[in-house]
Structures are given as structure tokens and as C-alpha cells.
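Top line first, the protein sequences correspond to chains A and B. What the first sequence shows, in the working numbering, is residues 3 to 266, in sequence order. What the second sequence shows, in the working numbering, is residues 12 to 310, in sequence order. Quick reminder that beta carbons are idealized off the backbone N, C-alpha and C, glycines included. What follows is a single structure, written as C-alpha cells, with notes after it.
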Amino acid sequence: MSNYLKVDHVSKSFERGGVVTEVLKDISLSIDKGEFVSIIGHSGCGKSTLLNLIAGLTEVSDGGVLLENREVNGPGPERAMVFQNHSLLPWLTVYENVRLAVDKVFRSSRSRAERHDWIMQNLALVQMQHAKDKRPAEISGGMKQRVGLARALAMEPKILLLDEPFGALDALTRAHLQDSVMDIHARLGNTMVMITHDVDEAVLLSDRVVMMTNGPAAKIGDILEVNLARPRRRLELVAERSYVQYRELVLKFLYERHRFVEAA
Amino acid sequence: MTATARKIAMLPQTVEDPRKERVIAFTPRAKSSYRPLLQRLSSIGEKVLPPLIMTAVLLIIWQMAFGVEGSTLPSPLQVWADANDLIVNPFFDFGSQDIGLGWRVLTSLERVAIGFGFAAVAGILMGALVGQSVWAMRGLDPIFQVLRTIPPLAWLPISLAAFRDSNPSAIFVIFITSVWPVLINTAAGVRNIPQDYRNVAAVLRLNPIEYFFRIMVPAAAPYIFTGLRIGIGLSWLAIVAAEMLTGGVGIGFFIWDAWNSSRLSDIIVALFYIGFTGFALDRLVAALGQIITRGTAAS
Ligand SMILES: Nc1ncnc2c1ncn2[C@@H]1O[C@H](COP(=O)(O)OP(=O)(O)OP(=O)(O)O)[C@@H](O)[C@H]1O
Ligand SMILES: [Mg+2]
Numbered sequence: 003m004s005n006y007l008k009v010d011h012v013s014k015s016f017e018r019g020g021v022v023t024e025v026l027k028d029i030s031l032s033i034d035k036g037e038f039v040s041i042i043g044h045s046g047c048g049k050s051t052l053l054n055l056i057a058g059l060t061e062v063s064d065g066g067v068l069l070e071n072r073e074v075n076g077p078g079p080e081r082a083m084v085f086q087n088h089s090l091l092p093w094l095t096v097y098e099n100v101r102l103a104v105d106k107v108f109r110s111s112r113s114r115a116e117r118h119d120w121i122m123q124n125l126a127l128v129q130m131q132h133a134k135d136k137r138p139a140e141i142s143g144g145m146k147q148r149v150g151l152a153r154a155l156a157m158e159p160k161i162l163l164l165d166e167p168f169g170a171l172d173a174l175t176r177a178h179l180q181d182s183v184m185d186i187h188a189r190l191g192n193t194m195v196m197i198t199h200d201v202d203e204a205v206l207l208s209d210r211v212v213m214m215t216n217g218p219a220a221k222i223g224d225i226l227e228v229n230l231a232r233p234r235r236r237l238e239l240v241a242e243r244s245y246v247q248y249r250e251l252v253l254k255f256l257y258e259r260h261r262f263v264e265a266a
Numbered sequence: 012m013t014a015t016a017r018k019i020a021m022l023p024q025t026v027e028d029p030r031k032e033r034v035i036a037f038t039p040r041a042k043s044s045y046r047p048l049l050q051r052l053s054s055i056g057e058k059v060l061p062p063l064i065m066t067a068v069l070l071i072i073w074q075m076a077f078g079v080e081g082s083t084l085p086s087p088l089q090v091w092a093d094a095n096d097l098i099v100n101p102f103f104d105f106g107s108q109d110i111g112l113g114w115r116v117l118t119s120l121e122r123v124a125i126g127f128g129f130a131a132v133a134g135i136l137m138g139a140l141v142g143q144s145v146w147a148m149r150g151l152d153p154i155f156q157v158l159r160t161i162p163p164l165a166w167l168p169i170s171l172a173a174f175r176d177s178n179p180s181a182i183f184v185i186f187i188t189s190v191w192p193v194l195i196n197t198a199a200g201v202r203n204i205p206q207d208y209r210n211v212a213a214v215l216r217l218n219p220i221e222y223f224f225r226i227m228v229p230a231a232a233p234y235i236f237t238g239l240r241i242g243i244g245l246s247w248l249a250i251v252a253a254e255m256l257t258g259g260v261g262i263g264f265f266i267w268d269a270w271n272s273s274r275l276s277d278i279i280v281a282l283f284y285i286g287f288t289g290f291a292l293d294r295l296v297a298a299l300g301q302i303i304t305r306g307t308a309a310s
């Protein structure tokens with residue numbers, strides 16, 4: 003295994019008012035270039051924290067995160083993030099939201115016309131060119147998430163981080179966007195790390211599913227390799243035996259071995 | 012059991028309903044050509060008529076109260092008789108101190124524009140700095156809260172001593188009165204910028220200047236405009252007070268001058284000018300805020 007992205011013995015604890023809570027303990031994970039990895043686990047176990055550590059938005063307490071053998075010590079556009087609640091800037095139009103990212107990343111390397119083409123190309127990738135002059139308040143939740151995806155893709159990140167990108171969407175829209183992401187992954191070959199609550203989503207999209215134990219001091223409980231041929235089509239997979247088995251493995255992990263301890 | 016029974020009982024009604032609705036729906040469509048116009052007229056009437064009626068009533072009460080011989084204040088008719096030149100023509104100009112109240116208001120507005128302009132810029136910049144840091148906020152906020160309660164006139168002697176000239180003193184008084192609400196509100200707005208926007212800025216590696224213009228100002232705009240609106244109101248309060256003491260051509264000095272020569276009617280006219288101008292300023296800033304914060308407020 004190559005070490006494109008390497009999470010190396012990372013621990014993270016938060017301190018508040020003298021009370022230290024250890025959220026993540028000794029997490030190690032290597033991700034290949036072009037790989038699609040999902041992280042699944044119960045609510046509050048520290049998935050977002052792990053993703054924020056990779057993004058550089060929070061600092062590790064112990065260990066290190068390496069991208070192409072260089073240590074990550076701050077956020078940057080080469081690790082673009084698609085946030086759970088889209089995080090589009092409401093005072094900018096769809097086009098301007100993407101442009102903010104494109105102008106910042108490619109100001110010196112591309113001409114104005116090239117940047118415009120690049121913005122439109124990325125909006126086209128998520129089928130949002132038609133709404134380019136709308137503000138976020140005027141488009142649906144699924145559309146906002148698409149624009150968030152376009153903004154992240156437009157940074158040409160080395161690695162794309164998605165924090166429950168479709169968590170707030172209805173099932174139909176979610177399925178549609180999952181297809182979009184699979185399609186984009188197949189076409190561009192990005193490295194993607196996605197957090198999800200959804201077992202089907204994890205198995206459908208991923209090359210590997212990282213299953214986390216419950217917090218506090220959450221660890222990686224198990225890693226499942228999903229050897230399903232791509233392109234994957236959801237309707238065909240539902241009937242396929244190996245898909246059903248993969249689903250079962252994840253479900254068993256979540257609901258038998260690491261049952262969520264409710265309000266202990 | 013009861014629920015199903017009720018449903019069945021209601022069934023014939025629900026079948027009838029759409030027909031009824033359709034009949035009702037047709038009638039307004041036929042009249043629609045002149046209906047909106049009428050409605051609009053009546054809605055304008057609803058807004059304009061009550062204030063007009065109330066004004067008339069108040070004027071009548073005023074006239075009855077002070078229209079008698081030997082009353083201490085002039086009645087409305089008296090004011091009209093004494094000062095109709097000031098009311099009818101705001102922009103006459105017959106030499107140095109004999110000018111229309113419109114000119115005086117404009118002079119005062121110029122001072123307000125300068126003082127409040129500085130206050131807005133300084134308030135927003137300092138508010139942005141203070142709002143960024145928890146410690147600055149903790150340390151400075153109580154100080155600002157105390158300073159903001161000092162009345163405009165209380166600053167005037169110090170300001171006169173420092174500037175040794177009336178015009179800059181008046182402008183400074185306006186500045187120091189109106190800067191606090193802008194500063195405090197901007198700081199609150201900056202503190203309330205959602206973590207999401209900060210994360211976006213961090214991932215994009217926006218530098219401080221880009222962050223200020225692209226994230227901070229638009230995100231805090233509703234707060235900033237609240238501060239600006241309070242600030243412009245205070246400026247207008249301060250200018251009248253400051254001009255009464257520093258002299259010059261402004262509307263505040265006009266009142267002081269009229270008092271010294273016992274022209275009570277002129278003072279009353281000037282009060283109306285001040286009131287309407289203050290109202291217009293408030294509405295102007297509010298409208299500006301509404302246009303500019305449209306995007307932010309929508310989310
Ligand atoms: N800034 C912080 N300060 C203190 N504690 C924090 C902080 N951020 C997260 N935590 C704690 O860390 C734990 C993990 O949080 P995290 O947001 O990573 O969970 P998650 O797995 O993403 O949950 P969810 O699925 O609900 O999004 C939680 O118990 C939370 O209270
Ligand atoms: Mg989370």
C-alpha cells in the first residue's frame with residue numbers, strides 16, 4: 003500500500019474547564035491515491051473530528067497526518083471539504099461561491115477567461131449551470147449540496163473530504179447525488195474520504211469502509227474492503243449476494259459489536 | 012371506529028367543496044382588471060390617512076391650548092403668521108445669517124456626514140478587531156458600555172479644549188457619540204459569524220484583508236447596520252446640541268440664536284425640520300441596510 007494520505011497514530015483530546023475528554027485514540031489509516039474511503043460510526047464517536055484533523059481545521063493532540071509524505075499543519079485547498087450543511091455563503095450567488103474558491107486557488111496560474119470556463123465546467127459537472135445566478139436561499143437543499151461539491155471540486159484538491167454530505171437530504175435526492183459522486187469519482191479519479199451514517203451509501207460508494215468504535219477514545223474497529231466491480235449500479239447491486247453480505251457485515255458491526263449505548 | 016365513522020360522514024362535504032371553490036374562484040377573475048388598483052389606493056389610504064388625521068387633531072388641540080391671549084407659547088396659526096417664510100421656502104439666501112432652514116440643515120448634515128463617516132469606518136474596523144478576539148472583547152466591552160452612556164454634550168468641553176476650534180469640536184462630538192454603537196454591534200456581529208464560514212475561509216486560506224471584505228463584513232452586515240442606524244440617530248442628537256454651543260450656520264445654532272432673540276415661532280419651525288431630517292436619516296440607513304443585507308438575511 004502506498005501512503006498517499008497517512009493518518010499516523012493520531013489521538014485527539016479536547017480540554018474544557020480542566021476536564022480532558024479523549025475523543026480519538028491511536029487512529030492509523032493509509033489511503034491510496036484515487037481511493038474512495040467511507041468512515042462510518044455512531045453519532046458522536048468522533049468522525050467529524052477525524053475529518054477536521056485531516057483537513058487541518060483542528061490540530062492533533064498526538065501523532066500526525068501526512069499527505070504525500072508532508073505533514074498537514076493547517077487547512078488548505080488541496081484538502082477541500084464538502085460540509086454537512088453546505089456552508090455556501092448566502093450573500094454570494096452560486097457562481098460567485100464557486101468563483102471565490104477558483105479565484106483564490108488559480109489567481110496566478112489561470113487567466114480570467116480560463117477561470118470562468120473552469121467555474122462553468124465544475125457547475126456543469128454537478129448540473130447546476132442553469133442556477134448560476136441564484137443565491138443559496140433560492141435553491142433546494144440538494145442543489146446547495148451540489149454547489150458545495152462543485153466548489154470543492156473546483157479547487158482541484160488532492161483529496162476531497164465529505165462530512166455527511168447528503169445527511170440532510172431526502173432519500174431520492176440522496177440517491178441522485180450518490181450517483182453524481184460515483185460518476186465524478188469514476189471520471190476524475192479523485193481521492194475521497196466520506197463520513198456517513200448510511201450503510202447502503204458506504205457500501206455502494208466505497209472501496210473501503212472504515213468502521214469506528216464508540217467514543218470516548220474511539221478507535222478504528224474494523225476496515226471492510228468492498229470488492230464490487232465499478233461502475234456500480236444500485237438496482238443491480240441490491241440483488242447481488244456479495245453486496246448483501248457487505249451490508250450485513252457493516253450492520254453487524256454497528257448494531258451487535260458496537261451497539262450505541264443510549265444516554266448511559 | 013369513531014374516526015372512520017367521522018370520515019364517512021364528512022365525505023359528501025368534501026366532494027361538494029371543490030365545486031363551491033370553483034364557483035368562487037371565477038368571480039374575482041372577471042373583476043380583476045380594476046380591483047388591484049382600488050386595493051392599492053385603499054391600502055395607500057390606510058397608511059397615509061391616519062397620520063394626517065392625527066396631525067390635524069393634534070394641531071387643533073395645540074391651537075385650542077395656546078390660541079388664547081397671553082399664552083407662553085405660540086399657537087400653530089401664530090407660528091404660520093410669524094415664520095411662514097421659513098416654512099414655505101427652505102432655500103432662500105439673503106446674506107450671512109439670513110438664510111433658509113434648508114441651508115442650515117444641509118450645513119449640519121455636512122458635519123454629521125464627516126463625523127459619522129469617521130465613526131462608521133473606525134467603528135467597523137475596531138469592532139472587527141475586538142470581535143475577533145475573546146480577550147479583547149472581555150477587556151474592552153465593559154469600557155465601551157460605560158463610554159457609550161456619556162451624553163454628547165459632556166464631551167464638548169474636552170473636545171473644545173483639545174481642538175481649540177468649534178467646527179472640529181462639533182465633528183468630534185458627533186464621532187465620539189456615534190462610534191460606540193457601531194463598534195459594539197460590529198463586534199457582536201463578528202463574534203456571531205458561523206463556524207462554517209470561518210472553515211470555508213480557512214480551507215481557502217483567505218488572507219486577513221480578503222477575510223475582512225469577503226466574509227466578515229457581509230456576514231456581520233445585519234449587525235453593522237443595526238449599529239449604524241443607532242449611530243446616525245445619536246449623531247443627529249449630538250449635532251443639534253453641539254451647534255447650540257459652538258455657533259456657526261447649523262440648525263442647532265439657529266435655535267440658540269432664535270431663543271436669544273425670543274423668536275419662539277422660528278424655534279418651533281426648526282424643531283419640525285430637525286424631526287423630519289432625523290426621520291429621513293433613520294429611514295435612509297434602514298433602507299440601505301435592507302438592500303445590502305438582503306443576501307445575508309435570507310438564510
Ligand atoms: N471543539 C470541541 N470541544 C470539545 N469537545 C468536542 C469539540 N468538538 C467535538 N467534541 C466532542 O467530540 C466528540 C465527537 O464529536 P464529533 O463531532 O467528531 O462526532 P461525530 O462522530 O461527527 O458525530 P455526528 O455523527 O453526530 O456528526 C463529541 O463527544 C463532542 O462532544
Ligand atoms: Mg459529525
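Using a Cβ cut-off of 8 Å (strictly closer), state whether residue i contacts chain A.
{"i": "residue 207 of chain B", "result": "yes"}
{"i": "residue 233 of chain B", "result": "no"}
{"i": "residue 32 of chain B", "result": "Only weak support is given to the placement of residue 32 of chain B: the predicted model assigns it a pLDDT of 43, under 50, and the question is left unresolved by the model."}
{"i": "residue 219 of chain B", "result": "no"}
{"i": "residue 88 of chain B", "result": "no"}
{"i": "residue 175 of chain B", "result": "no"}
{"i": "residue 203 of chain B", "result": "no"}
{"i": "residue 223 of chain B", "result": "no"}
{"i": "residue 216 of chain B", "result": "yes"}
{"i": "residue 196 of chain B", "result": "no"}
{"i": "residue 210 of chain B", "result": "yes"}
{"i": "residue 101 of chain B", "result": "no"}
{"i": "residue 229 of chain B", "result": "yes"}
Counting C-beta neighbours from all protein chains within 10 Å, is the total for residue i 16 or more, i.e. buried, or is it exposed?
{"i": "residue 165 of chain B", "result": "exposed"}
{"i": "residue 257 of chain A", "result": "exposed"}
{"i": "residue 37 of chain A", "result": "buried"}
{"i": "residue 11 of chain A", "result": "exposed"}
{"i": "residue 55 of chain B", "result": "exposed"}
{"i": "residue 263 of chain B", "result": "buried"}
{"i": "residue 75 of chain B", "result": "exposed"}
{"i": "residue 13 of chain B", "result": "A caution first: residue 13 of chain B carries a pLDDT of 47, below 50, which makes its placement in the model unreliable, though a value can still be read off. Burial call: exposed."}
{"i": "residue 1 of chain A", "result": "Because chain A spans 3 through 266 in this model, residue 1 of chain A falls outside it and cannot be assessed."}
Determine the contact status of residue i and residue j, defining contact as a CB-CB distance below 8 Å.
{"i": "residue 26 of chain A", "j": "residue 52 of chain A", "result": "yes"}
{"i": "residue 121 of chain A", "j": "residue 156 of chain A", "result": "yes"}
{"i": "residue 204 of chain A", "j": "residue 89 of chain A", "result": "no"}
{"i": "residue 227 of chain A", "j": "residue 199 of chain A", "result": "no"}
{"i": "residue 297 of chain B", "j": "residue 209 of chain B", "result": "no"}
{"i": "residue 108 of chain A", "j": "residue 114 of chain A", "result": "no"}
{"i": "residue 199 of chain B", "j": "residue 234 of chain B", "result": "yes"}
{"i": "residue 163 of chain A", "j": "residue 56 of chain A", "result": "yes"}
{"i": "residue 193 of chain A", "j": "residue 31 of chain A", "result": "no"}
{"i": "residue 276 of chain B", "j": "residue 89 of chain B", "result": "yes"}
{"i": "residue 138 of chain B", "j": "residue 201 of chain B", "result": "yes"}
{"i": "residue 261 of chain B", "j": "residue 115 of chain B", "result": "yes"}
{"i": "residue 182 of chain B", "j": "residue 125 of chain B", "result": "yes"}
{"i": "residue 229 of chain A", "j": "residue 44 of chain A", "result": "no"}
{"i": "residue 128 of chain A", "j": "residue 152 of chain A", "result": "yes"}
{"i": "residue 104 of chain A", "j": "residue 149 of chain A", "result": "no"}
{"i": "residue 142 of chain A", "j": "residue 63 of chain A", "result": "no"}
{"i": "residue 212 of chain A", "j": "residue 253 of chain A", "result": "no"}
Kindly list, in the order they appear in chain C, the residues whose Cβ is closer than 7 Å to that of residue i.
{"i": "residue 213 of chain B", "result": "Structure shown: chain C not included; protein chains present are A and B."}
Within the 8 Å Cβ cut-off, does residue i reach chain B?
{"i": "residue 299 of chain A", "result": "In the structure as shown, chain A begins at 3 and stops at 266. Residue 299 of chain A is therefore absent and cannot be evaluated."}
{"i": "residue 89 of chain A", "result": "yes"}
{"i": "residue 93 of chain A", "result": "yes"}
{"i": "residue 231 of chain A", "result": "no"}
{"i": "residue 103 of chain A", "result": "yes"}
{"i": "residue 106 of chain A", "result": "yes"}
Please list, in chain order, all residues with a C-beta atom less than 5 Å from at least one heavy atom of ligand 1.
A:16, A:25, A:45, A:46, A:47, A:48, A:49, A:50 and A:51
Inspect the CB distances between the segment 192–200 of chain B and the segment 134–141 of chain B and report whether three or more fall short of 8 Å.
yes
Counting Cβ pairs closer than 8 Å, one from the segment 159–175 of chain B and one from the segment 109–127 of chain B, do we hit at least three?
Contact between the segment 159–175 of chain B and the segment 109–127 of chain B is absent, because fewer than three Cβ pairs lie under 8 Å.
Cβ contact (3+ pairs, closer than 8 Å) linking the segment 210–227 of chain B and the segment 92–101 of chain B
Under the Cβ criterion (8 Å, minimum of three pairs), the segment 210–227 of chain B does not count as touching the segment 92–101 of chain B.
Using 8 Å as the Cβ pair cut-off and three pairs as the minimum, do the segment 219–228 of chain B and the segment 255–267 of chain B touch?
no
Can we say the segment 166–176 of chain A touches the segment 76–91 of chain A, given the rule of at least three CB pairs closer than 8 Å?
As far as the Cβ criterion goes, the segment 166–176 of chain A touches the segment 76–91 of chain A, which means the pair count is three or higher.
Between the segment 130–142 of chain A and the segment 93–107 of chain A, do three or more beta carbon pairs fall short of 8 Å?
Taking one beta carbon from each stretch, the segment 130–142 of chain A and the segment 93–107 of chain A have 3 or more pairs nearer than 8 Å; the two touch.
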